[in-house]
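Reading through the structure tokens given below for one structure.
Residue numbers (our numbering): 65 to 455.
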């Protein structure tokens, strides 16, 4: 019966899943691989927003495609001792804003085999302040754990669950390697080869997870009409990029003219930036300042160019929608590597100061051949979830 429902075009997807979930709970039957998977726990950490967004994208996939599986997402930082929580968040943000060279040095020096041993030693001390995290995992008792942050994986207590690790950048770092992971999900073949050279774990080139909104089609003309874009001028989207020497309000000021429509998002934690945007708004009818938005995919779809930092999730979203990027203020380490990848593949350009800004904007908008659209794996969320379930 299930095979017929899956094959029939008008029953594909929702109806087959609905029938399966109902029949399973009513009769106790399910395909063998699904019968053994009842709970999946996703773990991440708020070290930047990307790790959390990746886990949330996968949670959304699970709830849509597998309603019969109990799924939950937890943040390592929120399940840690208050002192560690404060230290973890503040030290990360403080170091990338005020001591980026020190952060870069730490990142590079730790990218070797010795780092794995040092991290295991560090984990012994961190476990003293993460008992809530371990207790939560043991109480939930998952069949599968999917981690989107290396430290989350390292601190997972001994459990019967199979552990999958999703790497959310375009470069491999030794800190991601651990003995607990049975399968890694990565962005590209380069990372796959490096892990396979050092680990016996399975490695899948799935692509980096993306929110389901970025994986479905939307009508751009309708989006522009609803937003109030009533002209044919190019649209430039500026996403949060406060950390660094190039200030977002300075980018807006430099680009304000009759040649562009400008949409600028300050970000949830940047109320001061939003106020500066509002002051620039006066008399500028082609400028839309936004405090924060849960419709970033729609803003990107309307845009011809995105100015942003080089976080793994954000650049993946741009690449999925085939939007050229100008990168500003990349964090030394993983974001620097992401930026090099963008430049190497002609997905966009980097600017080091405002003098380069107009030049690069003109080059990207007026020379279509300058930008190369990316060819990414089609459905990373589904690949990760379905492979994890069957592993």
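The beta-carbon is built from N, C-alpha and C at its ideal position, and this holds for glycine as well. All values reported here derive from a predicted model rather than from experimental measurement.
| Check | Outcome |
| --- | --- |
| So residue 211 packs on residue 229, CB below 8 Å; how close in whole Å? | 5 Å |
| Are there 16 or more other CB atoms within 10 angstroms of the CB of residue 117, so buried, or fewer, so exposed? | buried |
| Check whether the region 254-263 and the region 429-447 touch, using three or more Cβ-Cβ pairs below 8 Å as the test. | no |
| Which two residues bound the contiguous beta strand (DSSP E) that contains residue 136? | 134-139 |
| Report all residues from its chain with a CB closer than 6 Å to the CB of residue 240; omit the five preceding and five following residues, and keep chain order. | 214, 231 |
| Figure out for me which residue from 359, 246, 235 has the closest Cα to the Cα of residue 225. | 246 |
| Any contact of the region 361-372 with the region 390-397, i.e. 3+ C-beta pairs under 8 Å? | yes |
| Considering residue 209, what are the terminal residues of the beta strand (DSSP E) in which it resides? | 208-211 |
| Measure the beta-carbon distance from residue 456 to residue 278 and round it to whole angstroms, keeping in mind my assumption that it falls under 8 Å. | Here the chain comprises residues numbered 65 to 455, so residue 456 is not present and cannot be evaluated. |
| Going by C-alpha to C-alpha distance, which of 190, 284, 233 sits closest to residue 115? | 233 |
| Following the continuous beta strand (DSSP E) through residue 105, name the residue where it begins and the one where it ends. | 103-108 |
| Can you tell me which of 322, 271, 131 puts its alpha carbon nearest to the alpha carbon of residue 381? | 271 |
| Around the Cβ of residue 216, are there at least 16 other Cβ atoms within 10 angstroms (buried) or fewer (exposed)? | buried |
| Give the DSSP bridge partners of residue 251, in chain order. | DSSP output for residue 251 lists no bridge partner at all. |
| Which residues bound the alpha helix (DSSP H) around residue 370? | It is not in any alpha helix (DSSP H) - residue 370 instead sits in the beta strand (DSSP E) that spans 369-372. |
| For residue 331 and residue 339, I'd like the C-alpha separation in whole angstroms. | 12 Å |
| Classify residue 367: buried if its beta carbon has 16 or more other beta carbons within 10 angstroms, exposed otherwise. | buried |
| Got a sec, what are the start and stop residues for the alpha helix (DSSP H) residue 341 sits in? | 335-345 |
| Where does residue 229 sit, in a helix, a strand or coil, going by DSSP? | strand |
| Do you know offhand how far residue 295's Cα is from residue 120's? | 35 Å |
| Residues in its own chain within less than 7 Å of residue 345 by CB, not counting five upstream and five downstream? | 351, 353 |
| For residue 215, verify whether its CB is less than 7 Å away from any heavy atom of the ligand PLP. | Absence of the ligand PLP is noted for the structure shown, with no ligands found whatsoever. |
| Judging by CA-CA distance, which residue of 387, 310, 377, 283 is the nearest neighbour of residue 299? | 387 |
| Spatial neighbours of residue 199 within its chain, please: CB distance less than 6 Å, with the 5 preceding and 5 following residues excluded, ordered by chain position. | none |
| Between 442, 238, 297, 276, which lies nearest to residue 261 when the distance is taken from Cα to Cα? | 238 |
| Have a look at residue 67 and residue 444 and give me their C-alpha separation to the nearest angstrom. | Low confidence applies to residue 67: its pLDDT is 37, below 50, so where it sits in the model is not reliable, and the reading given next is rough at best. Cα-Cα distance, rounded: 25 Å. |
| Compute the distance between the beta-carbons of residue 301 and residue 327, then report whether it is under 8 Å. | yes |
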